[in-house]
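Below is one structure; the comments refer to it alone.
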Amino acid sequence: MVDTSDEWIFSHTGIRYRHIASEDQAASDLAVPAAKKAMAKAGVSPDDIDLILVATSTPDYPGLPSTACVLQEKLGIPSAGAMDLVAACSGFIYGLETARTYVAAGAARNVLVVGSEIYSRIVNWEDRGSSVLFGDGAGAAVVSVLSEGENRISPAILGSRGSGAESLCRLYGGTRHPYIPGVTPPEALLLQMDGKKVYTFAVAVIVQVIQDLLDQNGLTFSDLAYVVPHQANTRIIAAAAKRGGWDADRFYMNIEEYANTSAASIPLALDEMNEKGLLAPGDRVLCVGFGSGLTYGGTLITWG
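Here the sequence shown is numbered in this note's numbering, starting from 869 and rising by one per residue.
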């Protein structure tokens, strides 16, 4: 479809493979097994969930109803609050912080947080600059009340730079630029990206968020077991590590297998690390996300 090769893609992005959802699957369908696995690991039943948060920029329906409501029905979770978060590749970080504040405030005891994306439906497969980057996937976690005074998720850092909103976006199909049949070209409804602007933004905010989180928690980089970044591009991660003067081997990467799965990338990576036995109780794991909006954020997790 485009003038490229496996060699070019891997050398420029670190991506070997992309997993693509079947034609009959929507974001909620990918979210179901991820959510069930998270609830099973957390030892909670559907009846225990008070709030469902789905981070997605590829929802089942455009705008309404929320994918979280669709997921609530599919999981058989009775009468829980349900809403979507639209922060693109930072979505899971935003979801974790929203869940943490609900739990800390006593407004919920168990919050299901899911990142689920099907970017294969919104990329322009004739655009080499973006089509080679994205894959489909879902990951989930349950944020719950622990014993009094025990915190495993530190307050997050969240931010945005709306001045770069059109650097990574779908320009048409909303109320700003409505789709007009026979007038709007079909490709205008697909994802568009200014790769250079996104790269520059991403490297800068990764360094900023990591350093701010370390300072906020009175830590140094050597206190971290791992940094789990949003899996966007190996060059971005390598450049950020170099700029911060940090050991690049501490940055966990699985982009080679899954590509950029947006809001699903961080929970997918955490689950893979857990399955591989890479995380031990007490390990400090710093997660950092960045993406369309432009949004960014980070959180510090103490593994249990």
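Where a beta carbon is used, it is the ideal one built from N, C-alpha and C, also for glycine.
Predicted model, so just to flag it, every value in this text is computed and none were measured.
Inclusion of Ser-984 and Ala-1072 in the CB contact set at 8 Å is not warranted, their separation being larger than that value.
As a beta-bridge residue in DSSP terms, Val-922 pairs with Asp-952 and Val-982. Runs of the beta strand (DSSP E) lying entirely within the stretch 986-1055, each at least 3 residues long, are 1004-1012 and 1025-1028 in chain order. Between the stretch 1109-1127 and the stretch 879-895 there are three or more inter-stretch CB-CB distances shorter than 8 Å, so the stretches are counted as touching.
Membership of Gly-1159 in any alpha helix (DSSP H) is not indicated; the residue belongs instead to the beta strand (DSSP E) covering 1152-1159. Note: Leu-1138 is not bridge-paired with any residue in the DSSP secondary-structure output. Two segments are said to touch when three or more pairs of C-beta atoms, one from each, lie closer than 8 Å; by this definition the stretch 960-972 touches the stretch 1126-1143.
Counting only residues of its own chain and dropping the five nearest sequence neighbours on each side, Ala-899 has a CB closer than 6 Å to the CB of Leu-939, Val-982, Ser-984 and Ala-1006. Boundaries of the beta strand (DSSP E) harbouring Ile-1169: 1163-1170, taken from the DSSP string.
Tyr-1126 sits in a helix when the DSSP states are folded into three classes.
As computed with DSSP, Gln-1060 is found in a beta bridge with Cys-1037. The stretch 923-931 and the stretch 908-915 do not touch, with fewer than three beta-carbon pairs separated by less than 8 Å.
Each of Asp-1004, Gly-944, Ser-999 and Leu-1014 was checked against the Cα of Ala-976, and the nearest Cα belongs to Leu-1014. The Cβ atoms of Val-1075 and Gly-1032 lie no closer than 8 Å to each other. The beta carbon of Ala-1137 sits closer than 7 Å to those of Val-1096, Gln-1099, Tyr-1120 and Asn-1122, all from its chain and outside the five residues before and after it, given in chain order. Judged by beta-carbon spacing, Ile-1169 lies within the 8 Å limit of Arg-1020, meaning their Cβ atoms are closer than that value.
In its chain, beyond the 5 residues on either side, Ser-998 and Leu-1036 have a beta carbon closer than 6 Å to the beta carbon of Met-1061. Around Ala-956, the same chain offers Ser-925, Leu-1036, Ser-1130, Ala-1131, Gly-1159, Ser-1160, Gly-1161 and Thr-1163 as residues with beta carbons nearer than 8 Å, after the five sequence neighbours per side are excluded. As a beta-bridge residue in DSSP terms, Val-1095 pairs with Phe-1119 and Leu-1154. Here His-1045 has Leu-1039 as same chain residues with Cβ atoms under 6 Å from its own Cβ, once five neighbours each way along the sequence are excluded. If you draw a straight line from the Cα of Val-1066 to the Cα of Leu-943, it is about 36 Å long. If you look at Gly-944, you'll find it isn't in any alpha helix (DSSP H); DSSP assigns it neither H nor E.
Residue state for Val-912 is assigned as coil, using DSSP reduced to three classes.
In the same chain as Ser-988, and ignoring 5 residues on each side of it, the C-beta atoms closer than 6 Å to its own belong to Ile-888 and Asp-1004, in chain order.
Pairing Ile-1078 with Trp-1114, the inter-Cα distance amounts to about 10 Å.
In the three-state DSSP reduction, Asp-928 falls in the coil class, being neither helix nor strand.
Rounded to whole angstroms, the separation of the alpha carbons of Gly-1086 and Ala-950 is 35 Å. Nearest in C-alpha terms to Ser-890, of all of Val-991, Ile-986, Val-1000 and Pro-1049, is Ile-986. Within the model, the alpha-carbon separation for Ala-910 versus Gly-1027 is close to 29 Å. In this model, Glu-1034 and Cys-937 are separated by some 29 Å (Cα to Cα).
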